[in-house]
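Each residue of the sequence shown is one higher than the last, beginning at 9 in this note's numbering.
Just so it is clear, CB atoms sit at the ideal spot from N, CA and C, and this is done for glycine as well.
As structure tokens, the structure follows; a few thoughts come after it.
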Amino acid sequence: MASEKEIKVLVIPSWYPPNGGYFFREHAIALAEAGARVNVLAGIHTSLRTLRPADFFKSRTRHCISSEGITEHLRKYWIKPFSNKPNFHGWVNMMLRFYKSHQKLYGKPDIILAHSSIWAGLVAAFIREKYGVPYVITEHRSRFIYNSEEAMRMFEPWFFPYLQTAFEGAENVITVSDALQPFIKQIAPGAAERMISIPNMVDTDFFVPPSQPLPQKPFTFFSLANLIPLKGMDTLIEAFALLLSRQKADFRLVIGGDGLERGKLEQLAERRNLHNKITFVGKLDREQVAAYLQQAHAFVLASHFEAFGVVYIEAMASGLPVIATRAGGPESFIRESEGLLVEPQNPETLAIAMEKLFENYHAYDPAAIRQHATAEFGRESVARQYIELFKEIIKKQTR
9 MASEKEIKVL VIPSWYPPNG GYFFREHAIA LAEAGARVNV LAGIHTSLRT LRPADFFKSR
69 TRHCISSEGI TEHLRKYWIK PFSNKPNFHG WVNMMLRFYK SHQKLYGKPD IILAHSSIWA
129 GLVAAFIREK YGVPYVITEH RSRFIYNSEE AMRMFEPWFF PYLQTAFEGA ENVITVSDAL
189 QPFIKQIAPG AAERMISIPN MVDTDFFVPP SQPLPQKPFT FFSLANLIPL KGMDTLIEAF
249 ALLLSRQKAD FRLVIGGDGL ERGKLEQLAE RRNLHNKITF VGKLDREQVA AYLQQAHAFV
309 LASHFEAFGV VYIEAMASGL PVIATRAGGP ESFIRESEGL LVEPQNPETL AIAMEKLFEN
369 YHAYDPAAIR QHATAEFGRE SVARQYIELF KEIIKKQTR
């Protein structure tokens, strides 16, 4: 059996920085820190609208060895507007060619870790069929909770045969919470016995409580998400208005993130006369997120559905109590000692929860909240679970 240092892991993400996916990079770094030799093969979705003439004369591939011990191999894929299916075929085919050239240079990996079935998991399935490399899929997409019309609309009928191929060819399907599993089992019954849950990881050395206690006033709620309908920011704003109508304390709501809904949300805040109580701070980098968490008393997010919710763990690692919706993932790790759970799309119950948290704020122990986040979701703990799983798979392959 291969030792930990000999395990060669090829990470294939469905999306990757600079277009999101920063978590996938951190995950790869954590695997390297745990002893694996990690390469990342990423096809970067890039809009044709950004294409400049000079781009035709540049290499589409660049290799970069990072200081964190992983090797990243990046290639742009030019996305055609309003062409979902052609873009799918083009990206998958490009990634298969990319893998072929990668194997010639670096040899076969021991195992492939595909982040999300759509569509890195399918690429991994085709690689296994042609080159015999085993793979696992880690499914992150919250749409697989499949608990609303919004989620259902995210699946086009032609997805399902490809998803079945991806899931059923995997050695294991890893979900970031149990809530994703029922629908995946419907799509791919053959994968049902090989499904496990491993939570997302958080850098609990980076997200830490503030060095000094916060002033009691104003009591600040912080929220962070892409400003799109399924994140429920309209519900949060309505709930905040209700809170202010029955509590005379000094409250603030800080909303981080950007997206298509930002203008509508700002207008909603204006209509509710909350312009001096709600601050939209826009898109935030990692350092800014950590800083805003340290400036808040509590974190709240009103998602319609959520596969896991890394930002909740970042908040808990910062010592904050949290309010989340029963939207899939959060109820698997938020306990009474860490915060409150409410039904999605219900401003009234969310306002009650915000009031309850404020009134009982002294009962939450920041050190205990952080300890739970560190023990369950720290990088070392989660990476170790992956390494042990990889070792078992590789052992089976060599029998």
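Query                                                                                                                                                               : Result
Take every Cβ of the region 345-355, pair it with every Cβ of the region 390-400, and state whether three or more of those distances are shorter than 8 Å.          : no
State the start and end residues of the unbroken alpha helix (DSSP H) segment that holds F152.                                                                      : Where F152 is concerned, there is no enclosing alpha helix (DSSP H), given that its DSSP letter is neither H nor E.
Tell me the DSSP bridge mates of L39?                                                                                                                               : DSSP, once it has assigned bridges, lists no residue as partnering L39.
Specify the secondary structure class of N101 as computed by DSSP and reduced to three states.                                                                      : helix
To the nearest angstrom, report how far apart E147 and V184 are at their CA atoms.                                                                                  : 7 Å
Out of I321, M324, A315, which has the shortest C-alpha to C-alpha gap to I152?                                                                                     : Position check: residue 152 holds Phe in this sequence, whereas Ile was assumed. F152 has its Cα closest to that of A315, out of I321, M324, A315.
Does the region 127-146 touch the region 20-28, meaning 3 or more C-beta pairs lie closer than 8 Å?                                                                 : yes
Under the assumption that P352 contacts A310 (Cβ atoms under 8 Å), give the Cβ distance between them as a whole number of angstroms.                                : 7 Å
What three-state label does DSSP hand E396 in the structure shown?                                                                                                  : helix
Quick check: the Cα distance between I401 and H380, rounded to an integer number of angstroms?                                                                      : 30 Å
Under 8 Å between the Cβ atoms of L244 and L358?                                                                                                                    : yes
Find out if the Cβ-Cβ distance for the pair A298, V262 is shorter than 8 Å.                                                                                         : no
From what residue to what residue does the alpha helix (DSSP H) around E80 run?                                                                                     : It is not in any alpha helix (DSSP H) - E80 instead sits in the beta strand (DSSP E) that spans 79-87.
Curious, which full-length beta strand (DSSP E) runs of at least 3 residues does the region 316-389 contain?                                                        : 330-333, 347-350
For A122, list the residues DSSP reports as bridge partners.                                                                                                        : I20, I145
Can you tell me whether L222 is helix, strand or coil according to DSSP?                                                                                            : coil
Under the DSSP definition of a beta bridge, which residues are partnered with T287?                                                                                 : V262
Please identify the residue among A233, E34, L276, V318 whose C-alpha is closest to the C-alpha of V289.                                                            : A233
Exposed or buried, W166, counting other C-beta atoms within 10 Å across all chains shown (16 or more means buried)?                                                 : exposed
Which residues in the same chain as Q189 place their Cβ atom closer than 6 Å to its Cβ, once the five residues preceding and following it in sequence are excluded? : T183, M203
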